[in-house]
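Undergrad: Okay, here's the structure, questions in a sec.
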Amino acid sequence: MVKTYNVQSHTEHPVCVRKLYMGFPGETLLEEVSFDVYAGEVFVILGGSGSGKSTLLKHLIGLYSPLDGEIFIHGRSLTQATPGEKTQIMNSIGISYQSGALFGSMTLLENVRLPLEEFTDMPLEAMNLVCRLKLFQVGLEGYEKHLPSELSGGMQKRAAIARAMALDPSILFLDEPSAGLDPLTSLELDELILNIARTLKITFIIVTHELDSIFKIADRMIILDKRHKNLAAQGSPLELSRTHPDPWVRSFLNREKIAP
Amino acid sequence: MPKTANPSTLDYSLKTAQDGTVHAEVRGRMEAGSVGPLWKELASRLKKPRGGLVLDVEKVDYMDMSGQALLLHFSRLVQDRNLPVEIRGLRSDFRHIQEQIDCFDCRPRPMQRKLSALEELGRAAVNLGRDTRQFFSFVGEFVSAFAYSLTHPGTVRWRDVLSHMEYVGGRAVFIIALMGFLIGVIIAFQTAITLRAFGAEIFVAKLLGLSMVRELGPLVTSIILAGRSGSAFAAEIGTMKTNEEINALQTMGLSPVRFLVVPRMLAAMMVTPLLCLFFLLFSFIGGGLVMLSMDFTLSSYIHQLSTSVGMTDFLGGMVKVFVFSILVAWIGCVRGLQTGSGASAVGRSTTSAVVSAIVLIILADGIFAVVYYMLGI
Chain E
1 MVKTYNVQSH TEHPVCVRKL YMGFPGETLL EEVSFDVYAG EVFVILGGSG
51 SGKSTLLKHL IGLYSPLDGE IFIHGRSLTQ ATPGEKTQIM NSIGISYQSG
101 ALFGSMTLLE NVRLPLEEFT DMPLEAMNLV CRLKLFQVGL EGYEKHLPSE
151 LSGGMQKRAA IARAMALDPS ILFLDEPSAG LDPLTSLELD ELILNIARTL
201 KITFIIVTHE LDSIFKIADR MIILDKRHKN LAAQGSPLEL SRTHPDPWVR
251 SFLNREKIAP
Chain B
1001 MPKTANPSTL DYSLKTAQDG TVHAEVRGRM EAGSVGPLWK ELASRLKKPR
1051 GGLVLDVEKV DYMDMSGQAL LLHFSRLVQD RNLPVEIRGL RSDFRHIQEQ
1101 IDCFDCRPRP MQRKLSALEE LGRAAVNLGR DTRQFFSFVG EFVSAFAYSL
1151 THPGTVRWRD VLSHMEYVGG RAVFIIALMG FLIGVIIAFQ TAITLRAFGA
1201 EIFVAKLLGL SMVRELGPLV TSIILAGRSG SAFAAEIGTM KTNEEINALQ
1251 TMGLSPVRFL VVPRMLAAMM VTPLLCLFFL LFSFIGGGLV MLSMDFTLSS
1301 YIHQLSTSVG MTDFLGGMVK VFVFSILVAW IGCVRGLQTG SGASAVGRST
1351 TSAVVSAIVL IILADGIFAV VYYMLGI
């Protein structure tokens, strides 16, 4: 029996973060952070180096426990979930790590098939077809039998997205998807994310540094502020870059130095 | 919507009409966790389709890519036999995914052609040739780097040598001592039982001394070295290889052999004979305890031991363990440098380092036995 919490105001959004304190005992990275991620949007987490972007992502996917506060995924509290409930919540999300984290000893098809083998009772023929469709979606048709080491960095990232989508999650978390990619491959990856978000109505939560990419794909974003251990801003990138009252936010987004 | 791998979220009814048309009415959520049973049922009914297929999905309220794959697969399967397919009531929001994957060719991809026995043999011969060339080139590279290091001791990274000596030697003392003590106790005890029948227990000391110094000491020390340090060398260097650190060394103009292999080998060569001494000492202590428990005096045990084991035996054992240490450290480093890509390659290298080291130790021990016999040692 899945325990549900009385969070009517939270259940309508795929991800709700309430008064989150994270970091290490005695040294917090973020304090009292709250935000919502709306269904079907591309949501970006931005911040300077060391501001806790990747740590926040690891909290959202349940790898780390917050010092205080709540994280709700589809209205179910991640912080209070039992291990069984956590697995159920994990099945509703997909994660693509910064390095791709593909299993080196498995072919691309086997990498994508692994979650299907573990969590569904589909026949092998069906799983293979679904995996080939996923790889087709990310533009890797014909590479099913390749090992990750035989692919370029961009292809590995796309394959990692295909694996993250294996169980058709409703939320996809991507950690620095364009890191280390050339501008053209990065652009292709942006288009892929937009295409998947629009056609499959998947909610994307992306940690990235690439401003060009943010302006192209993000519906909304949050900017982490290392100085105040809080959110410097949240909203649409264009709006924030033009009208946000804090000059630091505007300069961050417009890549300009603040006038002394 | 959260996806739960719960088959009960999908409900369906199937019937086959007289003309062979399969009618399927599906209700609920068509998703990865729920389409399995329907897929299997449809696959068995449509093994040899005689009529068409009617899939009624009007009451499906959620469909993910696995559900779409089912529609695509069975409609293509039936269409390929020139039979009619009708998908009823597909909601417009599911239709755009169908349009996107419409150009996908869902027939299984042709399998790669299997190689003939002759081709397999040819490939194996080419691989063997390549491995042999690599092996000799590594031996050459190693000998030249090692000779250079010996003639130019200033170029050796002594700090690395010391840290490897600490790992290979210092941290292995306890396990070596424990093994030595236990093996000493076991051998002394087992032989004492047999020799007691002849009233010849005092010869336990002779037997223990010779077998430990000439055979077991070098052999067990080297096998522990292979398990502890040979594997560690292969895993360390193998991980460096997969992380492209070896490439980085080469592009900096540094020789991986001089940088990584020479310090490890020097460390192993210097500390393994010392470890063997520890092994011998503790095995004699173990044997001594057994003898004392059989009412022999310590002085008679030591006397028997010292008269049975000569300097030639001792030096013969030390030469052996020195050569074994070279083999173990060398094969560990070679396997590390031969590592392919990926985490499993590191595992394979490590296993291979230990297995090869033990095989080499036993082979070399056999050669030593013959040589010592011919030399009268």
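Top to bottom, those sequences are chains E and B.
Letter by letter, the first sequence follows residues 1 to 260 of our numbering.
Letter by letter, the second sequence follows residues 1001 to 1377 of our numbering.
Positions of the beta carbon are idealized from the N, C-alpha and C atoms, including for glycine.
Just to confirm, is the Cβ distance from A1032(B) to S1066(B) under 8 Å?
TA: Cβ atoms of A1032(B) and S1066(B): closer than 8 Å.
Undergrad: With three or more beta-carbon pairs closer than 8 Å as the criterion, would you say the stretch 1283-1291 of chain B touches the stretch 1203-1219 of chain B?
TA: The stretch 1283-1291 of chain B is in contact with the stretch 1203-1219 of chain B.
Undergrad: I need the straight-line Cα distance from R198(E) to G139(E), nearest angstrom please.
TA: Their Cα atoms are separated by approximately 16 Å.
Undergrad: Measure the alpha-carbon distance for E176(E) versus T208(E) and round it to whole angstroms.
TA: Looking at the two C-alpha atoms, the distance is approximately 5 Å.
Undergrad: With H, G and I counted as helix, E and B as strand and the rest as coil, what does DSSP make of K1003(B)?
TA: Any reading at K1003(B) must be qualified, since the residue scores a pLDDT of 40, below 50, and its modelled position is unreliable; the value itself is stated next. The answer is coil: DSSP assigns K1003(B) none of H, G, I, E or B.
Undergrad: First and last residue of the alpha helix (DSSP H) that includes C16(E)?
TA: Unbroken run through C16(E) is the beta strand (DSSP E), 15-24; no alpha helix (DSSP H).
Undergrad: Is T120(E) close to chain B? Criterion is C-beta to C-beta, closer than 8 Å.
TA: Yes, T120(E) lies at the interface with chain B (some Cβ there is under 8 Å from its Cβ).
Undergrad: Nearest CA to the CA of S241(E): which residue from Y97(E), D212(E), L102(E)?
TA: Considering only alpha carbons, the answer is D212(E).
Undergrad: Across which residues does DSSP place L1053(B) in a beta bridge pair?
TA: L1053(B) is bridged to V1022(B), V1085(B).
Undergrad: At 7 Å on the CB atoms, spell out the chain E contacts of W1330(B), in chain order.
TA: Correct list: empty, because the minimum Cβ distance to chain E is about 27 Å.
Undergrad: What is the C-beta distance between E1046(B) and L1014(B), in whole angstroms, given that I count them as a contact (C-beta under 8 Å)?
TA: Note on identity: in this sequence residue 1046(B) is Leu, with Glu being the wrong assignment. L1046(B) to L1014(B), Cβ: 10 Å. No contact.
Undergrad: Cα-Cα, which of V1319(B), M1270(B), L1178(B), V1262(B) is closest to I1377(B)?
TA: Closest by alpha carbon: V1319(B).
Undergrad: Check the Cβ-Cβ distances between P83(E) and every residue of chain B, and say whether any is below 8 Å.
TA: Judged by the 8 Å Cβ criterion, P83(E) is not in contact with chain B.
Undergrad: Return the chain-ordered list of same chain residues with a C-beta closer than 6 Å to the C-beta of G100(E), the five sequence neighbours on each side being excluded.
TA: The answer, listed in chain order, is Q156, K157, A160.
Undergrad: Under a CB-based cut-off of 8 Å, is K229(E) close to chain B?
TA: So no, K229(E) is outside the interface.
Undergrad: Kindly indicate if chain E contains any beta-carbon less than 8 Å away from that of D1011(B).
TA: No, no contact with chain E.
Undergrad: Along the stretch 1022-1050 of chain B, what residues have a CB closer than 9 Å to any CB found in chain E?
TA: Correct list: E1031, A1032, G1033, S1034, V1035, G1036, P1037, W1039, K1040, A1043.
Undergrad: If the criterion is Cβ atoms closer than 8 Å, does the pair I1124(B) and V130(E) meet it?
TA: Checking the sequence shown, residue 1124(B) turns out to be Ala, not Ile. No, these two residues do not count as a Cβ contact at 8 Å.
Undergrad: In angstroms with no decimal places, state the Cα-to-Cα distance between S1283(B) and G1366(B).
TA: When rounded, the distance between both Cα atoms is 23 Å.
Undergrad: Determine the extent of the beta strand (DSSP E) in which N230(E) is found, giving its start and end residues.
TA: 230-235 is the extent of the beta strand (DSSP E) around N230(E).
Undergrad: If you measure between the beta carbons of T1242(B) and A1345(B), is that distance less than 8 Å?
TA: A contact, by the Cβ cut-off of 8 Å.
Undergrad: Output, in chain order, the set of chain E residues within a Cβ distance shorter than 9 Å of S1075(B).
TA: Neighbours of S1075(B) on chain E: none; closest Cβ ~13 Å, over 9 Å.
Undergrad: Residues of chain B with CB closer than 8 Å to the CB of S136(E), please, in chain order.
TA: Note that residue 136(E) is Phe in the sequence shown here, rather than Ser. In chain order: I1101, F1104.
Undergrad: What does the alpha-carbon distance come out to for the pair L184(E) and F204(E)?
TA: One C-alpha to the other measures close to 21 Å.
Undergrad: Who are F72(E)'s beta bridge partners in DSSP?
TA: Partner(s): C16(E), S77(E).
Undergrad: Evaluate contact between the stretch 219-232 of chain E and the stretch 20-34 of chain E, counting only Cβ atoms and requiring at least three cross-stretch pairs below 8 Å.
TA: Judged by Cβ distances under 8 Å, the stretch 219-232 of chain E makes contact with the stretch 20-34 of chain E, as three or more pairs qualify.
Undergrad: Could you name the residues that DSSP lists as bridge partners for H203(E)?
TA: The amino acid occupying residue 203(E) in the given sequence is Thr; His does not appear at that position. According to DSSP, which records beta bridges pairwise, T203(E) is partnered with I171(E).
Undergrad: Can the beta-carbon of S74(E) be found closer than 8 Å to that of P66(E)?
TA: Correcting the residue identity first, residue 74(E) is His in this sequence and not Ser. Cβ distance not < 8 Å, so H74(E) and P66(E) don't count as in contact.
Undergrad: Would the stretch 1261-1277 of chain B and the stretch 1302-1315 of chain B be scored as touching if the rule is three or more Cβ pairs under 8 Å?
TA: Because the criterion of three Cβ pairs below 8 Å is not met, the stretch 1261-1277 of chain B and the stretch 1302-1315 of chain B do not touch.
Undergrad: With 7 Å as the C-beta to C-beta threshold (strictly closer), list the residues of the stretch 70-81 of chain E near chain B in chain order.
TA: Within the stretch 70-81 of chain E, the residues whose Cβ lies closer than 7 Å to some Cβ of chain B are H74, listed in chain order.
Undergrad: Anything in the stretch 28-47 of chain E with a Cβ closer than 8 Å to a Cβ of chain B? List those residues in chain order, please.
TA: The residues in question: there are none.
Undergrad: Indicate whether at least one CB of chain E lies closer than 8 Å to the CB of G1286(B).
TA: Chain E contact via Cβ: absent.
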